[in-house]
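The next block holds one structure in the form of structure tokens; read it before the comments.
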Amino acid sequence: MIEQATKDLAPEDGVYVRYRLDGSLFNLRRLQAHTKTQERLIRDLLFAGDAALVAHTEQALQRITSCFAETSNLLGLEVSLKNTEDSGRRWSSIQAREFAHLHTALALLILNCDIRVYQTHECGEYGERKPVTVLPHLFLKMSPDMSRFVFGEESQRYVKEVVLAVRELAGGNLLSLFDMLVYCCYCNLNFSKMLLKQVMLQYTNVPASELKPIFSLLTELLTLEDPLQITRLQIVIDGIEEENGKKFEGLTTVIRQNQQSDSRRSYQCIKFLVALMNKSTVAKDFLLTTPSKWQGAVNWLKKKMTEHFWSSTTATVSNEDSNRKSFQRTQSAQYTLQEATALLTERENHEFNSIGSGSGAVGSTGTSTSGSTSNSSTGSGDTKPAAETKPASTAEGSSSSSTSGDVSTTATLSCPPQNTNTTGKDNLNKSMKVLF
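In the UniProt record's numbering, the protein residues as written are 1 to 436.
This is the structure in structure tokens:
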């Protein structure tokens with residue numbers, strides 16, 4: 001139709017749209033200077049609703065854009081200039097909530113499958129991990145169609161949809177989804193990387209008020225004890241870059257980059273890391289191996305807590321539920337600062353004691369000879385190799401004598417029997433086709 005309508009037009013006739021090459025917001029003065037700009041001839045806009053955009057004069061368009069930017073700034077919103085990617089979704093976030101039962105059913109079907117064949121690393125002393133939300137007596141053999149969507153070439157689409165469901169179905173029951181994702185991550189480097197990248201895109205881009213379920217999932221993934229625990233921690237905390245140059249920002253980078261523009265996001269990342277370190281000794285040891293990264297975050301939060309006068313109304317304000325981007329001084333934030341400072345002080349004291357103990361602590365074989373503190377009995381347990389070869393429970397500093405039982409329990413978990421029964425495969429394949 002467009003070709004028929006434009007057949008009598010000269011090659012140069014149409015609507016010329018000039019745009020910035022650096023991705024900046026519309027600026028008439030710079031466009032008129034023809035610096036870092038480019039023109040494109042567009043004809044289909046003449047027959048589309050978007051023609052209204054170019055129907056304005058340049059001066060009017062500048063006023064509209066400036067007014068929009070100023071209003072967004074007053075409301076605490078950010079005008080994103082990042083290129084958006086086509087998600088390929090056939091439904092909106094509101095419509096996706098109708099798929100809650102479908103997601104649960106798919107997760108339960110995956111949890112009833114034997115996925116050991118897809119693991120990339122030997123479990124070793126960690127033993128086999130069984131599902132938590134289901135207790136199957138016989139495990140199904142995963143069908144080729146099913147494995148294609150979970151571990152194969154279509155897995156990224158499915159994993160992305162599940163991560164979005166975690167955020168969109170925050171008010172529902174997410175236990176089966178969490179269990180399924182952790183189950184698939186266990187001793188599986190490829191699945192772990194793919195899942196963590198999707199999670200990292202969420203905590204980097206989505207509104208800070210929607211991060212609570214994302215951080216709940218991330219806690220389960222980073223406290224999973226297997227040979228890949230340190231690798232997952234490194235990806236999330238330090239970030240990762242793909243071969244094509246695409247970067248996935250780590251939490252320390254997100255904290256630093258959003259301190260001015262989205263301070264609430266930075267605070268929530270700090271709060272998450274504090275809770276994670278209190279829950280996992282492996283995570284605490286890994287993060288505090290480079291105290292400078294953590295010191296900067298603690299200093300920033302301390303500054304934010306002292307910038308404004310304490311108001312009685314701040315007690316009812318939350319940094320997690322509001323849509324505002326500015327940080328609010330709350331009792332929860334004060335507690336987070338105290339915990340973050342205590343963790344940093346603990347690390348400094350540990351280093352001081354290690355220097356004072358001399359070679360005695362270095363020669364320790366795992367049994368405390370000085371009897372001073374429980375931390376000294378772990379010897380070099382704060383080093384990265386030790387965290388990789390021991391479960392988190394063995395690195396707990398509370399009681400070295402109680403950890404042996406946890407290790408024994410983990411190591412003696414039996415491997416589930418494999419059964420080639422294909423019951424439920426057809427239903428699963430039909431369910432997958434609904435999503436894709």
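Glycine residues also receive a C-beta, built at the ideal position from the N, C-alpha and C atoms. In this text, all values refer to a predicted model and were calculated from it rather than measured experimentally.
For Leu-74, which residues from the same chain have a beta carbon less than 7 Å from its beta carbon, with the 5 sequence-adjacent residues on both sides left out? What you label residue 74 is simply residue 74 of the sequence shown in a count that begins at 1. Take Leu-74, set aside five residues on each side of it, and no residue of its chain has a beta-carbon closer than 7 Å to its own.
Quick check on Leu-288: does DSSP put it in helix, strand or coil? The residue given as residue 288 occupies position 288 in the sequence shown. Under the three-state reduction of DSSP output, Leu-288 falls in the coil class, being neither helix nor strand.
How many Å lie between Gln-260 and Trp-300 at the Cα? Mapped onto the sequence shown, residue 260 falls at position 260. Mapped onto the sequence shown, residue 300 falls at position 300. Distance between the alpha carbons of Gln-260 and Trp-300 is about 10 Å.
Are the CB atoms of Leu-195 and Val-159 nearer to each other than 8 Å? As a first step, residue 195 is located in the sequence shown; it is residue number 195 there, counting from the start. As a first step, residue 159 is located in the sequence shown; it is residue number 159 there, counting from the start. Cβ distance < 8 Å, so Leu-195 and Val-159 count as in contact.
So, under 8 Å CB-CB, Pro-213 and Arg-264 are touching, yes? Tell me the CB distance rounded to an integer number of Å. Translated into the one-based positions of the sequence shown, residue 213 becomes position 213. Translated into the one-based positions of the sequence shown, residue 264 becomes position 264. Actually they do not touch by this definition, with Cβ atoms about 16 Å apart.
Return the residue from the list Asp-262, Ser-292, Asp-238 and Met-305 that minimises the CA-CA distance to Met-200. By 1-based counting over the sequence shown, the position of residue 200 is 200. Ranked by Cα distance from Met-200, the options Asp-262, Ser-292, Asp-238 and Met-305 are led by Asp-238.
Per DSSP, cross-strand counterpart(s) of Lys-247: As a position in the sequence shown, residue 247 is number 247, starting the count at 1. According to DSSP, Lys-247 bridges with Glu-241.
Report the partner residues of Lys-141 according to the DSSP bridge assignment. Position 141 of the sequence shown, counted from the first residue, corresponds to residue 141. Residue pairing by DSSP places Lys-141 opposite Asp-114 in a beta bridge.
Sequence-distant residues of the same chain with beta carbon closer than 8 Å to Leu-251, five excluded per side: Working through the sequence shown from its first residue, we reach residue 251 at position 251. Annotation for Leu-251: Tyr-203, Val-236, Ile-237, Cys-269, Phe-272 and Leu-273 place their beta carbon closer than 8 Å to its own, counting only its chain and skipping 5 residues before and after.
Can you tell me whether DSSP reads Thr-330 as helix, strand or coil? Taking the first residue of the sequence shown as position 1, residue 330 is located at position 330. Coil.
Using the beta-carbon count (16 or more within 10 Å), is Asn-188 buried or exposed? The residue you call residue 188 lines up with position 188 of the sequence shown. Under this definition Asn-188 is a buried residue.
Which listed residue (Ala-208, Ser-292, Leu-221 and Leu-109) has its alpha carbon closest to that of Val-282: In the sequence shown, counting from the first residue as 1, residue 282 sits at position 282. Checking every option, the nearest Cα to that of Val-282 belongs to Leu-221.
Cys-187 in three-state terms, based on DSSP: In the sequence shown, the residue the question calls residue 187 occupies position 187. In the structure shown, the three-state DSSP call for Cys-187 is coil.
Could you tell me if Ile-94 is buried or exposed, where buried requires 16 or more neighbouring beta carbons within 10 angstroms of its beta carbon? As a working note, residue 94 is residue 94 in the sequence shown. Counting Cβ neighbours within 10 Å, Ile-94 comes out exposed, since fewer than 16 surround it.
Measure the C-alpha to C-alpha separation of Cys-184 and Lys-279 and round it to an integer number of angstroms. For the purposes of this step, residue 184 is taken as the residue at position 184 of the sequence shown. For the purposes of this step, residue 279 is taken as the residue at position 279 of the sequence shown. Roughly 22 Å between the two C-alpha positions.
Reduced DSSP secondary structure (H/G/I, E/B, other) of His-103: What you label residue 103 is simply residue 103 of the sequence shown in a count that begins at 1. DSSP places His-103 within a helical segment (H, G or I) once states are collapsed to three.
To the nearest angstrom, how far is it from the Cα of Ala-165 to the Cα of Glu-210? By 1-based counting over the sequence shown, the position of residue 165 is 165. By 1-based counting over the sequence shown, the position of residue 210 is 210. Cα to Cα, Ala-165 sits roughly 12 Å from Glu-210.
By the 10 Å Cβ neighbour count, where 16 or more other Cβ atoms means buried, how is residue 451 classified, buried or exposed? Residue numbering for the chain in the displayed model covers 1 to 436; residue 451 lies beyond these limits and cannot be assessed.
Between which two residues does the alpha helix (DSSP H) containing Glu-98 stretch? Counting from 1 along the sequence shown, the entry for residue 98 is found at position 98. In the DSSP annotation of this structure, Glu-98 is not part of any alpha helix (DSSP H), being labelled neither H nor E.
What does the alpha-carbon distance come out to for the pair Lys-130 and His-137? What you label residue 130 is simply residue 130 of the sequence shown in a count that begins at 1. What you label residue 137 is simply residue 137 of the sequence shown in a count that begins at 1. Using only the alpha carbons, I get a separation of about 11 Å.
Among Arg-63, Asp-262 and His-121, nearest to Leu-228 - alpha-carbon criterion: Here residue 228 is taken as the residue at index 228 of the sequence shown, counted from 1. The alpha carbon of Leu-228 has as its nearest neighbour, out of Arg-63, Asp-262 and His-121, the alpha carbon of His-121.
Determine the direct distance from the alpha carbon of Asp-179 to that of Phe-99, and round the result to whole angstroms. Taking the sequence shown and counting its residues from 1, one reaches residue 99 at position 99. Taking the sequence shown and counting its residues from 1, one reaches residue 179 at position 179. Straight across, the Cα-Cα distance linking Phe-99 with Asp-179 is about 18 Å.
My assumption, with CB atoms under 8 Å, is that Cys-123 sits in contact with Asp-262. Please give the rounded CB distance. Locating residue 123 in the sequence shown gives position 123, where the first residue counts as 1. Locating residue 262 in the sequence shown gives position 262, where the first residue counts as 1. Not confirmed; about 40 Å, so no contact.
Does DSSP put Thr-231 in a helix, a strand or coil? If you number the sequence shown from 1, residue 231 lands on position 231. Thr-231: helix per DSSP, three-state reduction.
Run through DSSP, which three-state label would Arg-129 get? Here residue 129 corresponds to residue number 129 of the sequence shown, with the count starting at 1. Under the three-state reduction of DSSP output, Arg-129 falls in the coil class, being neither helix nor strand.
How would you call Ala-395, buried or exposed, if buried means at least 16 neighbouring beta carbons within 10 angstroms? Taking the sequence shown and counting its residues from 1, the one referred to as residue 395 is at position 395. For Ala-395, the predicted structure reports a pLDDT of 38, less than 50, and the residue's modelled location is therefore unreliable. A value from the coordinates is still provided. The residue is buried, with at least 16 neighbouring Cβ atoms inside 10 Å.
I need the DSSP call for Gly-124, collapsed to helix, strand or coil. Walking along the sequence shown from the start, residue 124 turns up at place 124. In the structure shown, Gly-124 sits in a helix (DSSP, three-state: H, G or I).
Confirm, please, whether the CB-CB distance from Ser-192 to Ala-107 is below 8 Å. In the sequence shown, residue 107 corresponds to position 107, counting from 1. In the sequence shown, residue 192 corresponds to position 192, counting from 1. Going by C-beta atoms, Ala-107 is not nearer than 8 Å to Ser-192.
For Lys-284, the nearest candidate out of Ser-92, Glu-339, Ile-64 and Trp-91 (CA to CA): Looking up residue 284 in the sequence shown gives position 284. Comparing C-alpha distances from Lys-284 to each of Ser-92, Glu-339, Ile-64 and Trp-91 shows the shortest one belongs to Glu-339.
Rounded straight-line distance, which links the Cα of Val-117 to that of Val-150: Within the sequence shown, residue 150 is the residue found at index 150, counting from 1. Within the sequence shown, residue 117 is the residue found at index 117, counting from 1. Val-150 and Val-117: Cα-Cα distance of roughly 13 Å.
Would Trp-91 count as contacting chain C if we go by Cβ distances under 8 Å? Any reference to chain C falls outside this structure, which holds one protein chain only.
Please say whether Pro-291 and Arg-347 have beta carbons closer to each other than 8 Å? Numbered from 1 along the sequence shown, position 347 holds the residue referred to as residue 347. Numbered from 1 along the sequence shown, position 291 holds the residue referred to as residue 291. The Cβ-Cβ distance between Arg-347 and Pro-291 falls below 8 Å.
Consult DSSP for Gly-296 and reduce its assignment to one of helix, strand or coil. Reading the sequence shown from its first residue, position 296 is the one you call residue 296. Helix.
Output needed for Lys-246: all residues of its chain with C-beta closer than 6 Å, excluding positions within five of it in sequence on either side, in chain order. Locating residue 246 in the sequence shown gives position 246, where the first residue counts as 1. Hits under 6 Å: none found.
Under 8 Å between the Cβ atoms of Leu-224 and Val-182? Start at 1 with the first residue of the sequence shown, and residue 224 comes out as number 224. Start at 1 with the first residue of the sequence shown, and residue 182 comes out as number 182. In contact: Leu-224 and Val-182 (Cβ atoms closer than 8 Å).
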